[in-house]
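**Q** One structure, as structure tokens, below. Some questions next.
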Amino acid sequence: MAQQLTFDPSDDGPSEAQKQAEAQALAQGEKLEKAQAEDRDAGWDRTNKENENVELIGGKFKNQDELLKAYQELEKQRSQESSDDAKEEATEEEESSTEETEESPAEANPVLTKAAQEYKDGGELSPESIEELSKMDSKELIKSYLEYYNQTAKVQELQNAQVAEIKNIAGGEKEYGEMVQWAVENLETSEVESFNKIANSNNYTAIKFAVEAMNGRYRGEVGYEAPLVTGKNAASDGVKPYRSQAELARDIADPRYSSDPAFRQDIEERLSRSTDLL
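Quick note on this note's numbering: the sequence shown kicks off at -17 and runs consecutively.
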């Protein structure tokens, strides 16, 4: 006879073993949930501490951009303070100096000098310069203007003296004009352009050198107005022409060039024989 399997639907409830297993599973779940909550709380604590550390950068900065901006402002302020200190030191040195002729217009009053340069370059003053000038007392402004004017006049006088000295190389204003006219009529266009470029360079030493050379060529062609008292011609008077620009430059660099008129005359005579030099 085959064995029959039957299903008893009666509700006797879970067995004691099942109850214990369920209780253990519930306890384990509670422990796991508690551990996860502790880990989550610990993570929040770490994040808050990290945020606190970021906020403590520099005492008050929340991010690196704010810190960098504050650093740049600090560097700008320190640079401005250093500049102000340097200006104060320059002012003290200027006030203690008794040699007023050595002062430049900028040392006399940098505000006025800056404003004058702006007006010269652009025909108007910047708002910054107007504000700086408006802060000056009227008496101080007048005094500074007179100082600036006097210093500028001294510089202009020095420049005029240099121009006169350069023209005297050719014998004076009239003779210099004759030399330039001769150059225009007799020299190549490129040579005249080279001379003009140097003459307009504001380089005093270079201009003197160019005029010395040009006057030498000019005198070599037209001669000097004064007759030769020795009766000797140019080839037999013992004066040798310069063989190179370097040789001429050495003589011009000689200290005697500035202090000995006879030495300068010797150079001019040699230049008058140096027809190949400009």
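Ideal Cβ placement from N, Cα and C applies to all residues, glycine included.
Distance, Cα to Cα, Tyr186 vs Gln144?
**A** In the sequence shown, counting from the first residue as 1, residue 186 sits at position 204. In the sequence shown, counting from the first residue as 1, residue 144 sits at position 162. Taking the straight line from one Cα to the other gives about 8 Å.
**Q** Taking only three categories from DSSP, how would you classify Ser108?
**A** For the purposes of this step, residue 108 is identified with residue 126 of the sequence shown, where counting begins at 1. Looking at Ser108 - three-state DSSP - the assignment turns out to be coil, as it is neither helix nor strand.
**Q** Please state the DSSP three-state secondary structure of Lys222.
**A** Mapped onto the sequence shown, residue 222 falls at position 240. Correct three-state label for Lys222: coil.
**Q** Would you tell me roughly how many angstroms separate the C-alpha atoms of Gln0 and Asp23, rounded to the nearest one?
**A** Locating residue 0 in the sequence shown gives position 18, counting from the first residue. Locating residue 23 in the sequence shown gives position 41, counting from the first residue. One C-alpha to the other measures close to 35 Å.
**Q** I need the straight-line Cα distance from Ser116 to Phe245, nearest angstrom please.
**A** For this step, residue 116 is matched to residue 134 along the sequence shown. For this step, residue 245 is matched to residue 263 along the sequence shown. Approximately 56 Å between the Cα atoms of the pair.
**Q** Would you check if the stretch 148 to 159 and the stretch 96 to 110 touch, i.e. whether three or more CB-CB distances between them fall below 8 Å?
**A** In short, these stretches do not touch, since the Cβ pair count stays below three.
**Q** Going by Cα to Cα distance, which pick from Pro243, Ile189 and Val221 is closest to Ala231?
**A** For the purposes of this step, residue 231 is taken as residue 249 along the sequence shown, with counting starting at 1. The candidate whose alpha carbon is nearest that of Ala231 is Ile189.
**Q** Taking the alpha carbon of Ile249 as the point to measure from, which residue in Asp233, Ser172 and Thr257 has its own alpha carbon closest?
**A** Looking up residue 249 in the sequence shown gives position 267. Ranking Asp233, Ser172 and Thr257 by Cα distance to Ile249 puts Asp233 first.
**Q** Have a look at Pro237 and Glu114 and give me their C-alpha separation to the nearest angstrom.
**A** Translated into positions along the sequence shown, residue 237 becomes position 255. Translated into positions along the sequence shown, residue 114 becomes position 132. Cα-Cα distance, rounded: 46 Å.
**Q** Evaluate Ser241 with the Cβ neighbour count: other Cβ atoms within 10 Å of its Cβ, from every protein chain shown; 16 or more gives buried, anything less gives exposed.
**A** As a first step, residue 241 must be located in the sequence shown, where it is residue number 259. It counts as exposed.
**Q** Should the stretch 159 to 172 be regarded as contacting the stretch 192 to 200, the criterion being three or more beta carbon pairs within less than 8 Å?
**A** Segments in contact, yes.
**Q** Taking just the CA atoms, how far does Asp103 sit from Glu251?
**A** By 1-based counting over the sequence shown, the position of residue 251 is 269. By 1-based counting over the sequence shown, the position of residue 103 is 121. Distance between the alpha carbons of Glu251 and Asp103 is about 44 Å.
**Q** In whole angstroms, what separates the C-alpha of Ser183 from that of Glu160?
**A** As a working mapping, residue 183 is identified with position 201 in the sequence shown. As a working mapping, residue 160 is identified with position 178 in the sequence shown. Approximately 21 Å between the Cα atoms of the pair.
**Q** State the Cα-Cα distance for the pair Phe177 and Thr171, rounded to the nearest angstrom.
**A** What you label residue 177 is simply residue 195 of the sequence shown in a count that begins at 1. What you label residue 171 is simply residue 189 of the sequence shown in a count that begins at 1. Their Cα atoms are separated by approximately 10 Å.
**Q** Report the rounded CA-to-CA distance for Lys156 versus Thr257, giving the unit in angstroms.
**A** Taking the first residue of the sequence shown as position 1, residue 156 is located at position 174. Taking the first residue of the sequence shown as position 1, residue 257 is located at position 275. Near 22 Å, if we compare the C-alpha coordinates of Thr257 and Lys156.
**Q** I'd like to know whether the C-beta atoms of Arg255 and Gly205 end up nearer to each other than 8 Å.
**A** Taking the sequence shown and counting its residues from 1, one reaches residue 255 at position 273. Taking the sequence shown and counting its residues from 1, one reaches residue 205 at position 223. No.
**Q** For Ala5, count neighbouring Cβ atoms within 10 angstroms of its own Cβ and tell me buried if that reaches 16, exposed if not.
**A** On the sequence shown, residue 5 is found 23 positions in, with the first residue counted as 1. The residue is exposed, with fewer than 16 neighbouring Cβ atoms inside 10 Å.
**Q** Would DSSP call Pro183 helix, strand or coil?
**A** Residue numbering aside, residue 183 sits at position 201 when the sequence shown is read from its first letter. Per the sequence shown, residue 183 should be read as Ser rather than Pro. In the structure shown, Ser183 sits in coil (DSSP, three-state: anything other than H, G, I, E or B).
**Q** Under 7 Å Cβ to Cβ from Ser218, same chain only, skipping five residues before and after it: list those, please.
**A** As a first step, residue 218 is located in the sequence shown; it is residue number 236 there, counting from the start. Annotation note: pLDDT 46 at Ser218 (below 50); position unreliable, coordinate value reported separately. Excluding residues within five positions, none has a Cβ falling inside 7 Å.
**Q** What is the rounded straight-line gap between the Cα of Gln227 and the Cα of Glu122?
**A** Translated into positions along the sequence shown, residue 227 becomes position 245. Translated into positions along the sequence shown, residue 122 becomes position 140. Those two C-alpha atoms are separated by around 53 Å.
**Q** Tell me the DSSP secondary structure of Lys117 in three-state form.
**A** For this step, residue 117 is matched to residue 135 along the sequence shown. Coil at Lys117, not helix or strand.
**Q** Can you tell me whether Asp103 is helix, strand or coil according to DSSP?
**A** Within the sequence shown, residue 103 is the residue found at index 121, counting from 1. Asp103: helix per DSSP, three-state reduction.
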